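K.L.:
Chains as they are written, first to last, in this note's numbering: chain A, 1 to 293; chain B, 1001 to 1293. Even for Gly, the Cβ is constructed at its ideal location relative to N, Cα and C. Predicted model only: the values in this text are computed from it and were never measured. Before I ask anything, let me first share the structure, which is written out below as structure tokens.
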DNA sequence: CAAAACAAGAAAATTATTTTCATATTTAGA
DNA sequence: TCTAAATATGAAAATAATTTTCTTGTTTTG
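Right under this line is the structure:
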């Protein structure tokens, strides 16, 4: 599966002192090594370029550049392998070089999307899509980070002519919620599921007769319990305070599924509007560009 | 699926005669090209090494060796993907059942994050993180979908006490841009890289003396060309009008990396602020909850 | 305890890549 | 149409990267 890195590890005992240092460095972060020069790698291992070249030849590569290209290919493949199975969330701590952050972030976001997808309940999603399609009016509630997700959904829905509004002001949320009635939908978003403003708004909407949907991180939360239909994004390990980054990506993933589901089931109604809104923006731009010249 | 080869194909019309020959040769058998020297490739295309180097820079690579390593990684990925067929971007069409949509969406979002990560230039990211950390003031520009990304970044930066603002109003963008000066940073976001309002704002910011950063989809665009430092998220096949969904996820992925990079390099300055802002929100809520009961 | 074998770096040689510069070609404007 | 500017391109110089050679010091072995 990973012939090169495997070989480095396995042949470790047969290598000389400096060669072992090289092998260790490469195994530690191969992703970094493929972007290094021979001089740089040698320095980092307290050795000389000559030794690096010899090292590459020991493993039957033409030279260092050849080694890099082959290693890059191997890494790309094994990164891909992450897709099936091992999903681990990495916490990010002080002083990490950017290359480590990039890898950790990729790993977190991939895991987050995968985990969220596997938690999805198709039937429940279908009910939500159906409710949203039939809704006379849709209210979106979300504070802080979750307001970003709400705004995103809002922009999408507007483009297909759905009557909806996104609120991040807690007073406006409640005000709007109290004017909803049967056939309307309130859609509340909260990472923790414990944001009091959002809980209040959704409860109020439910009391007014609207259907209520909650999108929160997986686990029993007040918001999810109060909703007619709860949807869940994957939750990260507790205490990872910076973990709402992956969660937001997962929530947007769900939003995309819901939106695409709406467009797909009501193709004939929505697609022309989507095309039209796209073209209108283009045309407006063109006109403006012409005027400016 | 294959951002580099895709870009070569897609940008073909914008390339010059010799550059097109190069693109064609590379597309014909990329697997061969990654094992060639610059001289060899030049010869096979009846051109000079100089043109090859320039060609690589057009596509924002550091140089020919950098191009080879990145291409090797991409080929390895797509080869692997062919085995289970799940790695390509899927377009979503009418009447698809939700289960298909869910799978397609997962595939798209995963591919988007992986592709974007593989395109990242660590040194460039480091420069951006450095600029952002040292900035006296940061302006964020983005229209429509991109304003969501800008808002997201804004919320993060505010939490660590950075002096910044996110604009989606084109007049405000320009107004603010013209008041920037040396030591300030303008950060523009656009999926297409051709949003006129955003281009104007970034140019204006540059003229005012600020450092300019662009975040766009991969490929040569006006916005990227005008920026001091361009950053790229992976681009989808043309014509996939609903494709900005994956792009937005990829852009948020980059924002997360930048933000985490800032926090990580300036741990001592930022973390206390981050903790404090978190605790303050909690405390405020608790107080409010008490009063209401 | 020598002689052979090996490891490893310094520096030279080679090779690869990038940049500069001069020239040819195309494009845009008068 | 002609000229000026912009662009494209290759030759060659400059730079950088890599490999090889040569030397030295170390370990191993008889």
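Looking at the structure shown, is residue 1140 of chain B part of a helix, part of a strand, or coil, going by DSSP?
P.N.:
strand
K.L.:
According to DSSP, is residue 1045 of chain B helix, strand or coil?
P.N.:
The answer is coil: DSSP assigns residue 1045 of chain B none of H, G, I, E or B.
K.L.:
Which residues, in order along the region 1057-1070 of chain B, keep a beta-carbon less than 8 Å from a beta-carbon of chain A?
P.N.:
1065, 1066, 1068, 1069 and 1070
K.L.:
Give a yes or no on whether the minimum CB-CB distance between residue 151 of chain A and chain B is below 7 Å.
P.N.:
yes
K.L.:
Could you tell me the alpha carbon to alpha carbon distance between residue 1063 of chain B and residue 1232 of chain B, rounded to whole angstroms?
P.N.:
17 Å
K.L.:
How is the beta strand (DSSP E) around residue 1165 of chain B delimited, first residue to last?
P.N.:
1164-1167
K.L.:
Which runs of the alpha helix (DSSP H), 4 residues or longer, sit entirely within the region 20-73 of chain A?
P.N.:
30-33, 38-44 and 49-58
K.L.:
Are the beta-carbon atoms of residue 109 of chain A and residue 1113 of chain B separated by less than 7 Å?
P.N.:
yes
K.L.:
By how many angstroms is the C-alpha of residue 1101 of chain B removed from the C-alpha of residue 136 of chain A?
P.N.:
Taking the Cα positions, residue 136 of chain A is about 25 Å away from residue 1101 of chain B.
K.L.:
So, are the CB atoms of residue 1214 of chain B and residue 1227 of chain B less than 7 Å apart?
P.N.:
Their beta carbons are under 7 Å apart, which means residue 1214 of chain B touches residue 1227 of chain B by this criterion.
K.L.:
Does the distance from the C-beta atom of residue 1177 of chain B to that of residue 1144 of chain B stay below 7 Å?
P.N.:
no
K.L.:
Could you give the DSSP three-state label for residue 1229 of chain B: helix, strand or coil?
P.N.:
strand
K.L.:
Determine the chain A residues that contact residue 1145 of chain B at a beta-carbon separation under 7 Å, and present them in chain order.
P.N.:
155
K.L.:
Work out the CA separation of residue 216 of chain A and residue 122 of chain A for me, nearest whole Å.
P.N.:
17 Å
K.L.:
Measure from the alpha carbon of residue 27 of chain A to the alpha carbon of each residue in A/39, A/111, A/8 and A/134, then state which is nearest.
P.N.:
A/8
K.L.:
Would you grab the beta carbon distance between residue 1140 of chain B and residue 1165 of chain B for me? Rounded to a whole angstrom, and I think it's under 8 Å.
P.N.:
The Cβ separation is near 7 Å, so the contact holds.
K.L.:
Are any of the Cβ atoms in chain B nearer than 7 Å to that of residue 9 of chain A?
P.N.:
Residue 9 of chain A does not count as touching chain B.
K.L.:
So residue 215 of chain A is in the alpha helix (DSSP H); what residue range does that whole segment cover?
P.N.:
Here residue 215 of chain A belongs to no alpha helix (DSSP H); instead the beta strand (DSSP E) covers 211-217.
K.L.:
What's the call for residue 1304 of chain B, buried or exposed, on a 16-neighbour Cβ count within 10 Å?
P.N.:
Since the first residue of chain B shown is 1001 and the last is 1293, residue 1304 of chain B is not available in this structure.
K.L.:
Mapping the DSSP letters down to three states, classify residue 208 of chain A as helix, strand or coil.
P.N.:
coil
K.L.:
By the DSSP assignment, the beta strand (DSSP E) with residue 1186 of chain B in it spans what residues?
P.N.:
1185-1190
K.L.:
Rounded to the nearest angstrom, how far is the Cβ of residue 1190 of chain B from that of residue 1142 of chain B, given a contact under 8 Å?
P.N.:
7 Å
K.L.:
Between the alpha carbons of residue 1006 of chain B and residue 21 of chain A, how many angstroms are there, rounded?
P.N.:
39 Å
K.L.:
Measure the alpha-carbon distance for residue 1054 of chain B versus residue 1016 of chain B and round it to whole angstroms.
P.N.:
Whole-angstrom Cα-Cα distance: 11 Å.
K.L.:
According to DSSP, is residue 1260 of chain B part of a helix, a strand, or is it coil?
P.N.:
helix
K.L.:
Between which two residues does the alpha helix (DSSP H) containing residue 326 of chain A stretch?
P.N.:
Beyond the ends of chain A as shown, which are 1 and 293, falls residue 326 of chain A; an answer cannot be given.
K.L.:
Does the Cβ of residue 1193 of chain B have 16 or more other Cβ atoms within 10 Å, making it buried, or fewer, making it exposed?
P.N.:
buried
K.L.:
Assuming residue 223 of chain A and residue 252 of chain A form a contact by the criterion Cβ under 8 Å, report the distance between their Cβ atoms to the nearest whole angstrom.
P.N.:
Wrong, their Cβ atoms sit about 18 Å apart, outside the cutoff.
K.L.:
I want to see whether chain A comes within less than 7 Å of residue 1099 of chain B, judged by CB atoms only; does it?
P.N.:
Closer than 7 Å: yes.
K.L.:
Thinking residue 1097 of chain B and residue 1071 of chain B are a contact (beta carbons under 8 Å), I'd like their distance in whole angstroms, please.
P.N.:
Between residue 1071 of chain B and residue 1097 of chain B the Cβ distance is about 37 Å, and since that is not below 8 Å, they are no contact.
K.L.:
Report buried or exposed for residue 1014 of chain B, applying the criterion of at least 16 other Cβ atoms within 10 angstroms of its Cβ.
P.N.:
exposed
K.L.:
If you compare alpha carbons, which of A/173, A/119, A/210 and A/158 is closest to residue 195 of chain A?
P.N.:
Selected option, being the one with the closest Cα: A/173.
K.L.:
Less than 7 Å between the beta carbons of residue 1152 of chain B and residue 148 of chain A, yes or no?
P.N.:
yes
K.L.:
From residue 1056 of chain B to residue 169 of chain A, what does the alpha carbon distance come to, in whole angstroms?
P.N.:
49 Å
K.L.:
Using CA atoms only, rank isn't needed, just tell me which of B/1184, B/1157, B/1221 and B/1075 is closest to residue 1118 of chain B.
P.N.:
B/1075
K.L.:
Measure from the C-beta of residue 198 of chain A to each C-beta in chain B and report whether the shortest distance is under 7 Å.
P.N.:
no
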